[in-house]
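Asker:
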Amino acid sequence: MLKLNASTDVAGLTPAARNTLRHLVSLFGLIWLINAGFQASAWLWEPDHRGSAALLAVFTKAIKAAPGWLRPLLIGITSAVRGIGPHWVALGMVLIALLLGLALISRIGLVAACWLGIAYSLVCWVALCALGYPYAGGQTDPGVFPAYVIAFVFVLSIIPTISGPALVPRVGLWTAGRLLFGLLWAFDAVLKWMPYFLNHFLDQLAPAAQGQPAWIAGYIGLIILVVKAVGPLLVAVVIALVETAIAVSLLTGRWLILSVPLGFLYALAVWTSAEGFGGPYSRAGTGVRGNVLGNVLIYAVVFLIMLVP
29 MLKLNASTDV AGLTPAARNT LRHLVSLFGL IWLINAGFQA SAWLWEPDHR
79 GSAALLAVFT KAIKAAPGWL RPLLIGITSA VRGIGPHWVA LGMVLIALLL
129 GLALISRIGL VAACWLGIAY SLVCWVALCA LGYPYAGGQT DPGVFPAYVI
179 AFVFVLSIIP TISGPALVPR VGLWTAGRLL FGLLWAFDAV LKWMPYFLNH
229 FLDQLAPAAQ GQPAWIAGYI GLIILVVKAV GPLLVAVVIA LVETAIAVSL
279 LTGRWLILSV PLGFLYALAV WTSAEGFGGP YSRAGTGVRG NVLGNVLIYA
329 VVFLIMLVP
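Add 28 to the 1-based position in the sequence shown for my numbering, that's all there is to it.
If you want it as structure tokens, here you go:
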């Protein structure tokens with residue numbers, strides 16, 4: 029793993045490793061199929077035009093969150109959605125998610141699907157998430173879609189390995205994915221060092237239990253008790269240090285044999301606690317803007333891909 033991520037002097041992958049990468053790409057495809065299901069449930073299957081209203085509410089929320097320089101663009105996008113018809117826009121989004129999921133699982137048209145996925149994820153990041161704004165009041169990341177972009181970059185890098193005779197990923201694309209992932213973690217780490225996060229860490233955990241099944245709410249409640257016992261400020265500082273260390277490792281290509289497994293475990297820990305397993309899940313969708321699975325669940329998928337070589 030160190031050679032593959034840090035330099036161009038790489039060794040060939042074993043058949044077992046290549047097969048594992050194929051399974052991980054299929055897992056990413058399954059995530060997109062699940063996304064399509066949640067989006068269809070929330071935006072297409074709700075009666076009395078409630079689905080269309082819910083989709084428009086997502087765009088409206090992005091407008092309210094956006095800074096002044098971005099707001100005119102989002103207002104224009106929302107006006108276009110109204111003009112086309114929210115139902116048709118929702119149908120298009122569901123079809124794109126289905127197409128991406130099927131391409132990732134079947135590996136048919138995979139290169140085109142990856143580029144489509146990158147472009148589509150960037151559009152969603154702007155239109156649905158307002159580039160992650162507002163970065164205030166304890167905001168801890170730029171939103172889910174940058175992680176989807178990075179996952180597609182990694183899939184692009186391993187297409188020769190999982191679909192053809194090449195024994196190694198495209199090192200240039202793999203390195204680009206690692207650096208982009210490092211920048212994402214660096215951005216996350218900066219947000220964790222903000223005074224609001226450090227001084228209001230428990231405020232990040234409590235909302236994760238709202239609307240959840242009893243067992244998840246109880247689990248998060250137990251985590252809150254542990255954090256209170258250890259000290260919220262100490263836990264917040266440790267989190268900031270961990271994210272900083274992961275970012276430095278990814279950006280420099282050093283200590284990856286430690287940081288990649290750590291990052292995977294840390295991502296799962298965050299997803300199952302502060303993000304409440306990405307929920308609450310219902311017919312109205314997921315607990316993530318855009319009704320997709322995330323946020324750090326996608327980080328975990330990227331780390332799994334990095335663990336294989």
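We put the beta carbon where it would ideally sit given N, CA and C, even for glycine.
Is there contact between the stretch 52-64 and the stretch 312-326, where contact requires at least three CB pairs shorter than 8 Å?
Answerer: As far as the Cβ criterion goes, the stretch 52-64 touches the stretch 312-326, which means the pair count is three or higher.
Asker: Are the CB atoms of residue 129 and residue 153 nearer to each other than 8 Å?
Answerer: Cβ distance not < 8 Å, so residue 129 and residue 153 don't count as in contact.
Asker: Can you name, in chain order, every residue of its own chain whose Cβ lies under 7 Å from the Cβ of residue 357, other than the five neighbours on each side?
Answerer: In the structure displayed, the chain extends from 29 to 337; residue 357 sits before or after that span and is not available.
Asker: Compute the beta-carbon to beta-carbon distance between residue 308 and residue 246, rounded to the nearest angstrom, for a pair I have assumed lies under 8 Å.
Answerer: That belief does not hold up - the Cβ atoms of residue 308 and residue 246 are roughly 14 Å apart, past 8 Å.
Asker: Could you have a look at residue 337 and say whether DSSP puts it in helix, strand or coil?
Answerer: Looking at residue 337 - three-state DSSP - the assignment turns out to be coil, as it is neither helix nor strand.
Asker: Counting pairs of Cβ atoms below 8 Å between the stretch 128-144 and the stretch 181-195, do you hit three or more?
Answerer: Yes, they touch.
Asker: When the Cα atoms are used, what is the spatial distance from residue 265 to residue 107?
Answerer: Approximately 43 Å between the Cα atoms of the pair.
Asker: Measure the C-alpha to C-alpha separation of residue 99 and residue 88 and round it to an integer number of angstroms.
Answerer: If you take the alpha carbons of residue 99 and residue 88, they lie about 10 Å apart.
Asker: Just to check my reading of the structure: residue 181 and residue 208 have Cβ atoms closer than 8 Å, yes? What is that Cβ distance to the nearest angstrom?
Answerer: That pair is a contact at about 6 Å.
Asker: Under three-state DSSP, which class holds residue 148?
Answerer: If DSSP states are grouped into helix, strand and coil, residue 148 belongs with the helices.
Asker: Output the distance between the C-alpha atoms of residue 274 and residue 120, rounded to the nearest integer angstrom.
Answerer: Each residue's alpha carbon lies about 37 Å from the other.
Asker: What first and last residue would you give for the alpha helix (DSSP H) that runs through residue 235?
Answerer: It is not in any alpha helix (DSSP H) - residue 235 carries neither H nor E in the DSSP assignment.
Asker: Once DSSP output is grouped into helix, strand and coil, what is the label at residue 321?
Answerer: Reduced to three states, the DSSP call for residue 321 is coil.
Asker: Report all residues from its chain with a CB closer than 6 Å to the CB of residue 149; omit the five preceding and five following residues, and keep chain order.
Answerer: Only 173, 176 and 177 meet the Cβ criterion.
Asker: Taking residue 110 as part of the alpha helix (DSSP H), name the residues at either end of that continuous run.
Answerer: Where residue 110 is concerned, the enclosing alpha helix (DSSP H) stretches over 99-112.
Asker: Starting from the Cα of residue 201, find the closest Cα among 241, 327, 96 and 334 and give me that residue.
Answerer: Comparing Cα-Cα distances from residue 201 to each of 241, 327, 96 and 334, the minimum goes to 334.
Asker: Would residue 168 and residue 229 qualify as a contact pair, given that the criterion is a beta-carbon distance under 8 Å?
Answerer: Taking 8 Å as the Cβ cut-off, residue 168 and residue 229 do not qualify as a contacting pair.
Asker: When burial is assigned at 16 or more other CB atoms within 10 Å of the CB, is residue 314 buried or exposed?
Answerer: Buried: at least 16 other Cβ atoms inside 10 Å.
Asker: Please list, in chain order, all residues of the same chain as residue 296 whose beta carbon is under 7 Å from its beta carbon, the five residues on each side excluded.
Answerer: The answer, listed in chain order, is 328.
Asker: Check whether the Cβ atoms of residue 289 and residue 197 lie closer than 8 Å to each other.
Answerer: Against a cut-off of 8 Å, the Cβ pair of residue 197 and residue 289 comes out as no contact.
Asker: Might you give, ordered along the chain, the residues of its own chain that have their beta carbon closer than 8 Å to the beta carbon of residue 306, omitting 5 neighbours on each side?
Answerer: For residue 306, where only same-chain residues beyond five positions count, the Cβ hits under 8 Å are 299, 314, 315, 316, 321, 322, 323 and 325.
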